[in-house]
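Okay, structure first, notes after.
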Amino acid sequence: MSRIYGRVGSTGRSATTVGVMDIETPLAGRALVVIVDDRTAHGEGVDSIGPLVTELLGEAGFLVDATVAVAADEVEIRNALNTAVIGGVDLVISVGGTGVSPRDVTPDATAAVLDREIPGISEALRSSGLAAGALDAGLSRGLVGVSGSTLVVNLASSRAAVRDGMATLTPLAGQVIGELSWIEE
């Protein structure tokens, strides 16, 4: 629910509240967050990225079903993504494991789950991330695509890549989810 305040008197330092109106914020969809990080998956580290992604999704109107952490293992990542798709979420975002090192296998696992890729969104995420100074976003091999009626997105794991990626992704995700919902009707 959003709260809108009406104000009068834009000159000077103070304004008078003339009314408060609560409105229902439409739900953009259900989401699941998958953190790909060996240390977090084994309980050895603190996940600071999952709460950030959850917060940004909430601000965009998504209801986040869960955040799960998996090791950088193709089978674990694929299983987490498939579970989200089978669970019927509208959007699943994986964070991490998108780079060029041998342990960065998220795109490889994601490719096996996707029915159709959406390369334009992947390119937009890389381009905007690089422009914002998030080198890991610019070097990301991350994929974006559709599996069933779920939008699947891989993001690089730095806070800058996540913040910029979510700002770029949100309007595009809304469009894709809307189109997928329309097809199902």
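In our numbering, the protein residues as written are 91 to 275. Each residue gets a CB set at the ideal place from its N, CA and C atoms; glycine is no exception.
Shown here, residue 216 sits in a helix according to DSSP, grouped into three states.
Secondary structure at residue 163: coil, using DSSP grouped into helix, strand and coil. For the set 183, 189 and 222, the Cα lying nearest the Cα of residue 237 is the one of 183. Contact between residue 195 and residue 164 is confirmed by a C-beta separation of about 5 Å, below the 8 Å threshold.
Rounded to whole angstroms, the separation of the alpha carbons of residue 222 and residue 176 is 35 Å. Each residue's CA atom was taken as its position, placing residue 136 and residue 247 some 14 Å apart. Contact between residue 131 and residue 159 is confirmed by a C-beta separation of about 5 Å, below the 8 Å threshold. Each residue's CA atom was taken as its position, placing residue 192 and residue 228 some 18 Å apart. In this structure residue 254 is buried. Its beta-carbon is surrounded by 16 or more other beta-carbon atoms within 10 angstroms. Note on residue 127: 16 or more other CB atoms within 10 angstroms of its CB, so buried under the neighbour-count rule. Secondary structure at residue 204: coil, using DSSP grouped into helix, strand and coil. Taking 8 Å as the upper bound for CB-CB distance, residue 242 and residue 204 are in contact here, some 6 Å apart. Comparing alpha carbon positions, the residue from 201, 207 and 181 closest to residue 144 is 181.
For the pair residue 122 and residue 155, the Cα-to-Cα distance works out to about 6 Å. If only complete runs of 4 or more residues are kept, the region 122-204 shows the alpha helix (DSSP H) at 128-131, 139-149, 164-176 and 196-201, in order along the chain. Annotation: the continuous beta strand (DSSP E) that includes residue 241 extends over 240-245. Within the model, the alpha-carbon separation for residue 134 versus residue 213 is close to 33 Å. In the assembly as shown, residue 231 is a buried residue. Its beta-carbon has 16 or more other beta-carbons within 10 Å.
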